[in-house]
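Below is one structure; the comments refer to it alone.
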Amino acid sequence: MNYLEMKNVKKNFGDLEVIKDISLTVRQGEVVAVIGPSGSGKSTLLRCATLLESMDGGELSYLGEKAVYTDNDGKVTYAGADELRKIRSNFGLVFQNFNLFPHFSVMKNIMDAPVRVQKRNKKEVYEEAKQLLDQMGLSDKENCYPYQLSGGQQQRVSIARALALKPKVLFFDEPTSALDPELTGEILKVIKDLAARHMTMVIVTHEMNFARNVANHVVFMENGVIVEQGEPEVLFNSTNPRMKDFFGKFHEV
Amino acid sequence: MNYLEMKNVKKNFGDLEVIKDISLTVRQGEVVAVIGPSGSGKSTLLRCATLLESMDGGELSYLGEKAVYTDNDGKVTYAGADELRKIRSNFGLVFQNFNLFPHFSVMKNIMDAPVRVQKRNKKEVYEEAKQLLDQMGLSDKENCYPYQLSGGQQQRVSIARALALKPKVLFFDEPTSALDPELTGEILKVIKDLAARHMTMVIVTHEMNFARNVANHVVFMENGVIVEQGEPEVLFNSTNPRMKDFFGKFHEV
Amino acid sequence: MDIVVMLAKLAEGMAKSVGIFGLTLLFSLPLGLVVTFGRMSKNGVLRNITKFYISVMRGTPLMLQLMVVYFGPFYLFGMKLSTSYRFIAVIIGFALNYAAYFAEIYRSGIESMPTGQYEAARLLGYSRIQCFFVIILPQVIKRILPSVTNEVITLVKDTSLAFAISEMEMFNVAKGLAAASTSMVPLVIAGVFYYIFNFLVAFVMEFIEKKLNYYR
Amino acid sequence: MDIVVMLAKLAEGMAKSVGIFGLTLLFSLPLGLVVTFGRMSKNGVLRNITKFYISVMRGTPLMLQLMVVYFGPFYLFGMKLSTSYRFIAVIIGFALNYAAYFAEIYRSGIESMPTGQYEAARLLGYSRIQCFFVIILPQVIKRILPSVTNEVITLVKDTSLAFAISEMEMFNVAKGLAAASTSMVPLVIAGVFYYIFNFLVAFVMEFIEKKLNYYR
Amino acid sequence: GQDKETEKAGETPAKTEAVTEEAKTEAAETEKKTEAAETEKKTEAAETGEETEAGTEEETKSDKKIADKVIAESETKAETGAKTDFKVDKLTVGFDQDFPPMGFIGDDGEYTGFDLELAAEVADRLGAEVVYQPIAWDMKDAELSSGNIDCIWNGFTMTDREDEYTWSEPYMKNDQVFVVRADSGIASEADLAGKVVDVQTDSSAQRALAGMSKLTESFGSLNPVADYNTAFMELEAGAVDAVAMDSVVANYQIEKRGADFNVLDESIAAEEYAIGFKKGNEELRDAVQEKLDEMAADGTLAEISKKWFGEDMTILGK
Ligand SMILES: Nc1ncnc2c1ncn2[C@@H]1O[C@H](COP(=O)(O)OP(=O)(O)OP(=O)(O)O)[C@@H](O)[C@H]1O
Ligand SMILES: Nc1ncnc2c1ncn2[C@@H]1O[C@H](COP(=O)(O)OP(=O)(O)OP(=O)(O)O)[C@@H](O)[C@H]1O
Ligand SMILES: [Mg+2]
Ligand SMILES: [Mg+2]
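Protein chains in written order, with this note's numbering: chain D, 1 to 253; chain S, 1001 to 1253; chain V, 2001 to 2216; chain A, 3001 to 3216; chain U, 4001 to 4318.
Okay, structure coming up:
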């Protein structure tokens, strides 16, 4: 089943066309890695998919339900507020700089949205949250505040927070780029675990090796278009000169 | 001639003995590199030598003139204010983070101290400053303000500022660690040039290759003592296990 | 005049001053929030009106504002005033004035919040109102507390301005006592009272600041 | 009352207010620097005295301070006052009060300066005094300008407090006119005057801020 | 009169209330009204805790007396024949608290003073509660016309202000005089040339001086000040050379301060004190005037005057 479908998505910032006609499908259980040079529009694509940025054209749907569509006149229509709310519950996003709520304890960060927004039973949510923290190796941190955690621990809490809402698709925007190499490993391991549990994920990353090892599908973007996409092995051995150049740079560092 | 002589220098911060009985001699025209792990007391040694930090014991002299000495009772005595002022004019220090005066133009940064402090002729100083800027490859920046320069350019201005006072000894405390690799190259080249002109220099650095290639004398510090010192080739091939360990780490990175 | 009588009188004035202080905070703190909403509204007319309101409140002396609030209803609309209106006018005048100051403080706090917090809240499904009151406001309060403290301490002294419309707060009482006893002692005692009042307020604010230090 | 007469009278008051404003700045800005030196002095006694001075100036109403400055010399020391002393007392009171505020602003600015600037200056041979006036102070001024602007704008309105010792500045004139003409027009005009005055001051301060933006 | 009664019961802070004509003629009605007044008094007493049961009782009696007297008078006085009774619950007296001995803070911390004591006695006889409202003197017109106070009773000069207020009969004579320090060597108005003179803003002295441009032009300067206390402090401290003010107040201040001040013999203006009511508020004026006359007749006025000034300085009924 197609969990996420984007069709002919366009996004401009003023005169700057940042996303030019991109189509992308993510199926259930798939792990998609989005790579590409800086400024190519990866983050913007993710922000359009998560409805943080309004689109200037194209279609966006989750599990077959249309969140955005464009009619023949080019008029972009968003679904109603109620429908959007429902659609939003289908996905979660893990930010590059975590964006935990600093005034909430770790536990409250995870529990607040399920309880307050989804109006779920507090006790039940608590049990699940404990399990999630366990899974993230943070069982002893439930009463800590974010400032008391290392960057890697904060990122794991933010993953747990997103998972607590039981999203169908989880997006990551460079989840490790605010971390030093040691902490990076922690997060990549967590994402690998999630992949093993068949979580559907879209990951923007600069970690080529990780993309290669974990993703089922890799998308290479440049200047607002998808240059090439496919299985990792195919892509990483592409003969496209632009891509060879790109990978070359990474090997150098 | 001994430009700098430190004998049995001691420095504590509260209970922490940061410098324990260090003696070091720098001869005219010599380039000394000070290396060692973080926290070993390299910066503190430099700050003692440049009178930024008061010493708790030992002797310090420039060109045979005593700035600090300790009598048999362990009482540390500093030279009088006038004498210290004279001694201070013997050395300059280039800071890790430049410490340029942001409200002065590049030219004023260089000229102000010679004119205001040394009361030298303005025109003459201007000519010399122009020459220094030329030498640093910054002839077109004389009217810029520090914020308009890159880190490497700022560091070169700060070197020129120190040189404008015609010091006998120039100290550097990790002059490149606030710079990215590309800019680091610029500064190391400038220091190499100075070495070629037989400038007497003491350089705290983490750039092992640079220490090896430019210094006549390398000092390896750890825990507030000099573990070993000598010619670079001797030192870098030392059999001391601690040093082997240290160099090993650097090769890894 | 007996010093005890003097102190008792001043204490009465002090009570009035404390009343003005407390009621002003009670009304201006929430009112300031409303003004901030106006100031940050997407509606240009509303935004400009609040902007003007704030600039007038901050650009003219509070004493003048008090007089306008007090006598305005009569001079402008011919309304009869009642005795109890004097104190009400003081509170209205102070609350309107301080709301403007607090509004600007709130705004600076809200604008200093990283957008990431809003975006995270949106992603997690919080409604706009939930997001503001649950996620943003508590953090804003912590951020603006030092500025609020400054303003609150200024308010302690500003209560003395109520004497411009003959409210019998401490400063006015001290003046009257000075006249009756033909000495400066009441003024000096009033000064000490203000000083202590301020000290207590600073102490309380510091306590609140410490309380909020459970997170960073 | 003729509006022209009214305006002429108010303009006179305005001139007085502007005079108080200008002279207060003239004296309090340097005086504040001296107070800062005391506040940051290594001498504990001096430091504590200045600390207390600052807290009293900031902790008690300016109106009270004005009265003490005006009548204090006579009632406390039996000194005979001269007529011209009223205005002098206003200026002394304002300057002493504002010096305390400016001192704290200076101090925050000086303390925010990175030690590297001092160390670089020391290495280059600047004397302590040269270092402070040539290297540190110019940078401090830029840093504190926004806070100074706030304080200066407060001063515009605070000039109205001079009426506490019957100085005929604008607010007092407006009150008198309002009483004589039994209307609120003079008060409103005074409000407009203050508003414009403030506007001009804000404009000038912004200009200075821009001027200092040649470096960062 | 139905709605009027309910208004009273609702405790609206009404100050003056005209009562319908039928009410005045019948004794039974008067009885009822005093009862109403009594219950109201009680509720107010409960609020302020100032008045005792006994006091209320007495007031009720005096209220009856008023009613009787009004009836008697309404027969004799032709011009006021139409309205004879008038009910006051509360008499709010506006005064300048920096103006001893007319109104100021007494040694016990309560407001006191000659005028305030008079006002209290009058209110007492009217069966009304007296409320002392200190005001900023230069705001007295606004306070009066906006209804915050019922009258200005504070050594308030009637002379030259006749048309601006509804006045009671003048009850006291006063001169506007110059007060100087005894050691200043100033003995006459001529000596004031080049000197600095204080005058209270919006005071009658200021008014009087405004018409004497020849004299004022000879001064070094004429300083308006906000209150007499400031003026006296300035005089004492030497900041000014003379204060133009009411002789009644000047004499009291001189005695109280025990300082060496002189009052110049030449008076600026002779004038009379009276009670100022809002223009057109004749009902209240009449009610107050009546009680004052009564007090003049039974010697209360002279008694109070002696208490404050050592002699009877009042002129009412003489
Ligand atoms: N809010 C915005 N307003 C204007 N331009 C924007 C905005 N956000 C992004 N851009 C521009 O859009 C382009 C794509 O930005 P985007 O952040 O999507 O790139 P990216 O691929 O995520 O890069 P990186 O790897 O550096 O994160 C860039 O040129 C950027 O400057
Ligand atoms: N001002 C100070 N007060 C207290 N301790 C200090 C101070 N300055 C330095 N130290 C301590 O002295 C020790 C040596 O510090 P120093 O900065 O000299 O090391 P370093 O060799 O320069 O290290 P790095 O390579 O990280 O710069 C450290 O343990 C440091 O924490
Ligand atoms: Mg990005
Ligand atoms: Mg160091």
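Backbone N, C-alpha and C fix where the C-beta goes; we use that ideal spot for every residue, glycine too.
What you are looking at is a predicted structure, and each value in this text was computed from that prediction instead of being measured.
(message) Under 9 angstroms, CB to CB, which of the residues in the segment 2007-2038 of chain V have a partner in chain U?
(response) Closer than 9 angstroms at the C-beta level to chain U, one finds these residues of the segment 2007-2038 of chain V: A2008, K2009, E2012.
(message) Assuming V:I2136 and V:I2110 are in contact, meaning their beta carbons sit under 8 angstroms apart, how far apart are those beta carbons, in whole angstroms?
(response) Translated into the one-based positions of the third sequence, residue 2136 of chain V becomes position 136. Translated into the one-based positions of the third sequence, residue 2110 of chain V becomes position 110. The pair is a contact, with the Cβ atoms about 7 angstroms apart (cut-off 8 angstroms).
(message) I want to verify the contact list: residues of chain V whose CB lies under 9 angstroms from the CB of A:K3191, in sequence order.
(response) If you number the fourth sequence from 1, residue 3191 of chain A lands on position 191. Checking the displayed sequence, the identity of residue 3191 of chain A turns out to be Gly instead of Lys. One finds V2056, G2059, T2060, P2061, L2064, Q2065, V2068 in chain V with Cβ atoms closer than 9 angstroms to the Cβ of A:G3191, taken in chain order.
(message) For A:K2951, which residues in the same chain have their Cβ closer than 7 angstroms to its Cβ, ignoring the five residues on either side in sequence?
(response) Past the boundaries of the shown model lies residue 2951 of chain A; chain A is included only from 3001 to 3216, so the question cannot be answered.
(request) Mind checking which residues open and close the alpha helix (DSSP H) that includes V:G2038? (result) The count along the third sequence starts at 1 and reaches residue 2038 of chain V at position 38. In this chain, the alpha helix (DSSP H) harbouring V:G2038 covers 2003-2039.
(message) Measuring only the C-alpha atoms, how far is A:C3131 from A:A3121?
(response) As a working note, residue 3131 of chain A is residue 131 in the fourth sequence. As a working note, residue 3121 of chain A is residue 121 in the fourth sequence. If you take the alpha carbons of A:C3131 and A:A3121, they lie about 6 angstroms apart.
(request) Indicate whether S:P1146 and A:Q3139 have their beta-carbon atoms separated by less than 8 angstroms. (result) Here residue 1146 of chain S refers to the residue found at position 146 of the second sequence. Here residue 3139 of chain A refers to the residue found at position 139 of the fourth sequence. By the CB criterion at 8 angstroms, S:P1146 and A:Q3139 fall outside the cutoff.
(request) Report whether the distance from the Cβ of S:S1040 to the nearest heavy atom of ligand 2 is below 7 angstroms. (result) Reading the second sequence from its first residue, position 40 is the one you call residue 1040 of chain S. Answer for S:S1040: yes, Cβ within range of ligand 2.
(message) Is there a C-beta anywhere in chain A that falls below 8 angstroms from the one on V:F2077?
(response) Within the third sequence, numbered from 1, the residue matching residue 2077 of chain V stands at position 77. Not an interface residue.
(message) Please state the DSSP three-state secondary structure of D:Q28.
(response) Walking along the first sequence from the start, residue 28 of chain D turns up at place 28. DSSP, reduced to helix, strand and coil, places D:Q28 outside both helices and strands of the structure shown, so it counts as coil.
(message) DSSP has U:R4181 in a bridge; who is on the other side?
(response) If you number the fifth sequence from 1, residue 4181 of chain U lands on position 181. DSSP, once it has assigned bridges, lists U:F4261 as partnering U:R4181.
(message) Closer than 7 angstroms to a non-hydrogen atom of ligand 4 - does that hold for the CB of S:E1174?
(response) If you number the second sequence from 1, residue 1174 of chain S lands on position 174. For ligand 4, at least one heavy atom lies less than 7 angstroms from the Cβ of S:E1174.
(message) Can you tell me whether D:S40 is helix, strand or coil according to DSSP?
(response) Start at 1 with the first residue of the first sequence, and residue 40 of chain D comes out as number 40. Secondary structure of D:S40 (DSSP, three-state): coil.
(message) So for U:D4175, helix, strand or coil by DSSP?
(response) As a first step, residue 4175 of chain U is located in the fifth sequence; it is residue number 175 there, counting from the start. DSSP, read as helix, strand or coil, puts U:D4175 in strand.
(request) Can you grab the Cα-Cα spacing for the pair A:A3202 / D:G14, in whole Å? (result) Taking the fourth sequence and counting its residues from 1, one reaches residue 3202 of chain A at position 202. Taking the first sequence and counting its residues from 1, one reaches residue 14 of chain D at position 14. Distance between the alpha carbons of A:A3202 and D:G14: 34 angstroms.
(request) Determine whether the Cβ of A:R3086 lies closer than 8 angstroms to any Cβ atom of chain U. (result) Locating residue 3086 of chain A in the fourth sequence gives position 86, where the first residue counts as 1. Interface with chain U (8 angstroms Cβ-Cβ cutoff): A:R3086 is included.
(message) Strictly below 8 angstroms CB to CB, what residues from chain S border A:P3146?
(response) Walking along the fourth sequence from the start, residue 3146 of chain A turns up at place 146. For the C-beta of A:P3146, not a single chain S residue is nearer than 8 angstroms; the gap to the nearest is close to 17 angstroms.
(request) Find the nearest neighbour of V:F2163 within the set V:L2066, V:M2006, V:L2081, V:D2002, judged by alpha-carbon distance. (result) Translated into positions along the third sequence, residue 2163 of chain V becomes position 163. Of the candidates V:L2066, V:M2006, V:L2081, V:D2002, V:L2066 places its Cα closest to the Cα of V:F2163.
(request) Output yes if chain A places a C-beta closer than 8 angstroms to the C-beta of U:T4166; else output no. (result) Sequence index remark: in the fifth sequence, residue 4166 of chain U carries index 166 (1-based). It does not: the Cβ of U:T4166 has no partner Cβ on chain A nearer than 8 angstroms.
(request) Check S:D1173 in the structure and name its three-state DSSP category. (result) In the second sequence, counting from the first residue as 1, residue 1173 of chain S sits at position 173. Reduced to three states, the DSSP call for S:D1173 is strand.
(request) With a threshold of 16 other CB atoms inside 10 Å of the CB of U:D4246, please say whether the residue is buried or exposed. (result) The residue you call residue 4246 of chain U lines up with position 246 of the fifth sequence. Buried.
(request) Give the secondary structure of S:L1093 by DSSP, where H, G and I count as helix, E and B as strand, and everything else as coil. (result) Locating residue 1093 of chain S in the second sequence gives position 93, counting from the first residue. Strand.
(message) Taking CB distances under 8 angstroms as the criterion, tell me whether V:L2096 reaches chain D.
(response) Reading the third sequence from its first residue, position 96 is the one you call residue 2096 of chain V. By the rule that beta-carbons nearer than 8 angstroms mark a contact, V:L2096 does not touch chain D.
(message) Nearest by alpha-carbon distance to V:T2060: which of A:K3157, A:L3161, A:L3025 is it?
(response) Reading the third sequence from its first residue, position 60 is the one you call residue 2060 of chain V. With distances taken between Cα atoms, V:T2060 lies closest to A:K3157.
(message) Could you check if S:S1255 belongs to the surroundings of ligand 2, using beta carbon to heavy atom distance under 7 angstroms?
(response) Since the first residue of chain S shown is 1001 and the last is 1253, residue 1255 of chain S is not available in this structure.
(request) Taking only the alpha-carbon atoms, compute the straight-line gap between U:V4122 and U:V4093 and give it to the nearest angstrom. (result) Against the fifth sequence, residue 4122 of chain U aligns to sequence position 122. Against the fifth sequence, residue 4093 of chain U aligns to sequence position 93. Spanning the two alpha carbons is a distance of roughly 11 angstroms.
(message) Under 8 angstroms, with one C-beta from each stretch per pair, do the segment 220-228 of chain D and the segment 36-44 of chain D reach the 3-pair mark?
(response) Taking a contact to require three or more Cβ pairs closer than 8 angstroms, the segment 220-228 of chain D and the segment 36-44 of chain D qualify as touching.
(message) Beta-carbon within less than 7 angstroms of V:N2198's beta-carbon, same chain only, minus the 5 sequence neighbours each way: which residues are those?
(response) Position 198 of the third sequence, counted from the start, is the residue given in the question as residue 2198 of chain V. Only I2153, V2156 meet the Cβ criterion.
(request) Check U:G4186 in the structure and name its three-state DSSP category. (result) To locate residue 4186 of chain U, count along the fifth sequence from 1; it is residue 186. Inspection of the sequence shows that residue 4186 of chain U is occupied by Ile rather than by Gly. The answer is coil: DSSP assigns U:I4186 none of H, G, I, E or B.
(request) Please state whether DSSP places U:W4167 in a helix, a strand or coil. (result) As a working mapping, residue 4167 of chain U is identified with position 167 in the fifth sequence. Under the three-state reduction of DSSP output, U:W4167 falls in the strand class.
(message) Using 8 angstroms as the cut-off, can you tell me whether the segment 3039-3049 of chain A makes contact with the segment 4189-4209 of chain U, which would need three or more C-beta pairs spanning the two stretches below that distance?
(response) Output reads no: the segment 4189-4209 of chain U does not touch the segment 3039-3049 of chain A.
(message) Using only the alpha-carbon positions, how far apart do D:N12 and D:N213 sit?
(response) For the purposes of this step, residue 12 of chain D is taken as the residue at position 12 of the first sequence. For the purposes of this step, residue 213 of chain D is taken as the residue at position 213 of the first sequence. Roughly 33 angstroms between the two C-alpha positions.
(message) Here's the rule: buried if 16 or more other CB atoms are within 10 angstroms of the residue's CB, otherwise exposed. What is D:Q153?
(response) Within the first sequence, numbered from 1, the residue matching residue 153 of chain D stands at position 153. Its Cβ being crowded by 16 or more others within 10 Å, D:Q153 is buried.
(message) In the DSSP output, what is S:H1198 paired with across the bridge?
(response) Working through the second sequence from its first residue, we reach residue 1198 of chain S at position 198. DSSP output for S:H1198 lists no bridge partner at all.
(request) Return yes when at least one heavy atom of ligand 5 lies under 7 angstroms from the C-beta of V:S2108, else no. (result) This structure does not include ligand 5; its bound ligands are ligand 1, ligand 2, ligand 3 and ligand 4.
(request) Mind checking the segment 4221-4236 of chain U against chain A and listing, in chain order, the residues whose C-beta falls within less than 9 angstroms of any C-beta there? (result) Listed in sequence order: S4221, N4223, P4224, V4225, A4226, D4227, T4230, A4231, M4233, E4234, E4236.
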